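Numbering (the working numbering), first residue to last: 14 to 272.
Each residue gets a CB set at the ideal place from its N, CA and C atoms; glycine is no exception.
These numbers come from a predicted model, not from an experiment.
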């Protein structure tokens with residue numbers, strides 16, 4: 014049985030009332046989804062007042078949501094309640110992918126080790142086979158659901174090492190690269206290859222073949238990085254072309270940057 018990924022957020026403003034205690038989380042999730050789906054483009058500018066009017070809330074939960082997005086590296090404030098979607102920084106994503114590879118190589122190496130120096134949870138790794146070592150007819154086909162399952166795969170490998178600090182750092186890293194990794198699944202054609210590559214990695218870990226497992230995880234991450242770079246550029250240019258006719262009501266200025 015597949016793990017249950019987080020459900021996709023709605024594409025339009027909810028008409029049902031939202032509890033006051035959840036307003037910052039609600040606005041945060043909606044704005045974040047607009048950024049992930051590139052309805053909000055790098056350089057788009059918004060104000061707290063217009064976002065609050067759009068979501069029919071006060072400026073306080075909007076400000077909290079925007080500040081949280083700023084902590085995520087997705088928004089930046091500039092003056093008098095104005096905010097901007099940060100430009101797409103490919104150097105930053107390259108740095109994050111490098112860090113991701115360092116952590117995952119270390120995790121796979123530890124999982125394959127047979128020296129008994131570290132307590133690893135192989136039961137977590139074994140459980141991944143129920144999702145990834147399946148016939149083609151049982152594979153997920155929805156890109157967003159597959160992306161969430163993919164995140165869980167890599168997080169589980171790191172968590173199974175037993176190093177909770179490393180797992181927490183990896184979770185934060187995963188959150189920061191989600192915007193580009195998701196593009197690979199939603200707009201690319203990587204679902205089938207991801208199943209095959211994940212199954213191969215699990216097989217090498219199961220055999221405690223550390224050298225081969227490291228080789229496969231490196232190739233897997235490098236391939237993903239190269240692909241999302243191309244998809245992101247294509248998606249950004251497509252979004253720019255349609256920006257004039259698909260403008261979100263709360264976007265005050267759409268800055269057409271050279272990406």
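Taking buried to mean at least 16 other C-beta atoms within 10 Å of its own C-beta, is residue 254 buried or exposed?
For the purposes of this step, residue 254 is identified with residue 241 of the chain shown, where counting begins at 1. Counting of Cβ neighbours within 10 angstroms places residue 254 among the exposed residues, the total staying below 16.
State the Cα-Cα distance for the pair residue 93 and residue 82, rounded to the nearest angstrom.
As a first step, residue 93 must be located in the chain shown, where it is residue number 80. As a first step, residue 82 must be located in the chain shown, where it is residue number 69. The alpha-carbon atoms of residue 93 and residue 82 are separated by roughly 17 Å.
Cβ neighbour criterion (16 or more within 10 Å) applied to residue 273
Residue 273 is absent from the structure shown; the chain starts at 14 and stops at 272.
Residues near residue 265 in its chain [Cβ-Cβ closer than 7 Å; skip 5 each side]
Your numbering for residue 265 matches position 252 in the chain shown. The beta carbon of residue 265 sits closer than 7 Å to those of 58, 59, 60, 63, all from its chain and outside the five residues before and after it, given in chain order.
First and last residue of the beta strand (DSSP E) that includes residue 50?
By one-based count along the chain shown, residue 50 stands at place 37. Looking at the DSSP string, residue 50 is not in any beta strand (DSSP E), and its letter there is neither H nor E.
Within the same chain, show all residues whose beta-carbon is closer than 7 Å to that of residue 122, passing over the 5 residues directly before and after it, in chain order.
The sequence position of residue 122 within the chain shown is 109, counting from 1. Only 223, 227 meet the Cβ criterion.
Between residue 273 and residue 204, which are expected to be in contact by the criterion C-beta below 8 Å, what is the C-beta distance as a whole number of angstroms?
Here the chain comprises residues numbered 14 to 272, so residue 273 is not present and cannot be evaluated.
Measure how close the beta-carbons of residue 175 and residue 127 come, nearest whole angstrom, since I'm counting them as under 8 Å.
As a position in the chain shown, residue 175 is number 162, starting the count at 1. As a position in the chain shown, residue 127 is number 114, starting the count at 1. At roughly 15 Å, the Cβ-Cβ gap does not stay under 8 Å, so residue 175 and residue 127 are not in contact.
Roughly how far, in whole angstroms, is the beta-carbon of residue 218 from the beta-carbon of residue 147, given that I think they are within contact range, below 8 Å?
Reading the chain shown from its first residue, position 205 is the one you call residue 218. Reading the chain shown from its first residue, position 134 is the one you call residue 147. With a beta-carbon spacing of about 17 Å, residue 218 and residue 147 fall beyond the 8 Å limit used to define contacts.
Is it buried or exposed, residue 237, if we count other Cβ atoms within 10 angstroms and call 16 or more buried?
For the purposes of this step, residue 237 is taken as the residue at position 224 of the chain shown. The residue in question, residue 237, is buried, as its Cβ has 16 or more Cβ neighbours within 10 Å.
The region 66-74 touching the region 102-110, judged by at least three CB pairs closer than 8 Å:
Not touching, per the Cβ criterion.
Cβ-Cβ distance between residue 85 and residue 202 below 8 Å:
Numbered from 1 along the chain shown, position 72 holds the residue referred to as residue 85. Numbered from 1 along the chain shown, position 189 holds the residue referred to as residue 202. No, they are not a contact pair.
Of the listed residues 95, 183, 194, 87, nearest to residue 47 (C-alpha basis):
Taking the first residue of the chain shown as 1, we reach residue 47 at position 34. In this structure, 87 is the residue among 95, 183, 194, 87 with its C-alpha nearest to the C-alpha of residue 47.
Which residue or residues does DSSP assign as beta-bridge partners of residue 97?
In the chain shown, the residue the question calls residue 97 occupies position 84. According to DSSP, residue 97 bridges with 58, 89.
Within 8 Å, strictly: CB atoms of residue 55 and residue 99:
To locate residue 55, count along the chain shown from 1; it is residue 42. To locate residue 99, count along the chain shown from 1; it is residue 86. For the 8 Å CB-CB criterion, residue 55 and residue 99 form a contact.
State the Cα-Cα distance for the pair residue 125 and residue 231, rounded to the nearest angstrom.
As a first step, residue 125 is located in the chain shown; it is residue number 112 there, counting from the start. As a first step, residue 231 is located in the chain shown; it is residue number 218 there, counting from the start. If you take the alpha carbons of residue 125 and residue 231, they lie about 15 Å apart.
Give the secondary structure of residue 264 by DSSP, where H, G and I count as helix, E and B as strand, and everything else as coil.
Locating residue 264 in the chain shown gives position 251, counting from the first residue. Strand, per DSSP.
Assuming residue 37 and residue 97 make a contact with CB atoms under 8 Å, what is their CB distance in whole Å?
As a first step, residue 37 must be located in the chain shown, where it is residue number 24. As a first step, residue 97 must be located in the chain shown, where it is residue number 84. About 20 Å; that fails the 8 Å criterion.
For a test of the three-state rule: what should DSSP assign to residue 130, helix, strand or coil?
Counted from its first residue, the chain shown places residue 130 at position 117. Residue 130 falls in the coil class under three-state DSSP.
Note the first and the last residue of the continuous alpha helix (DSSP H) segment covering residue 151.
As a position in the chain shown, residue 151 is number 138, starting the count at 1. Unbroken run through residue 151: none, as it is neither H nor E.
Between 142, 150, 182, which lies nearest to residue 210 when the distance is taken from Cα to Cα?
Working through the chain shown from its first residue, we reach residue 210 at position 197. It is 142 whose Cα lies nearest to the Cα of residue 210.
Using a Cβ-Cβ cutoff of less than 7 Å, which residues in the same chain neighbour residue 65 once the five nearest sequence positions on both sides are dropped?
Sequence index remark: in the chain shown, residue 65 carries index 52 (1-based). Cβ neighbours of residue 65 beyond the five flanking positions: 71, 72, 75.
By the 10 Å Cβ neighbour count, where 16 or more other Cβ atoms means buried, how is residue 229 classified, buried or exposed?
Walking along the chain shown from the start, residue 229 turns up at place 216. So residue 229 counts as buried.
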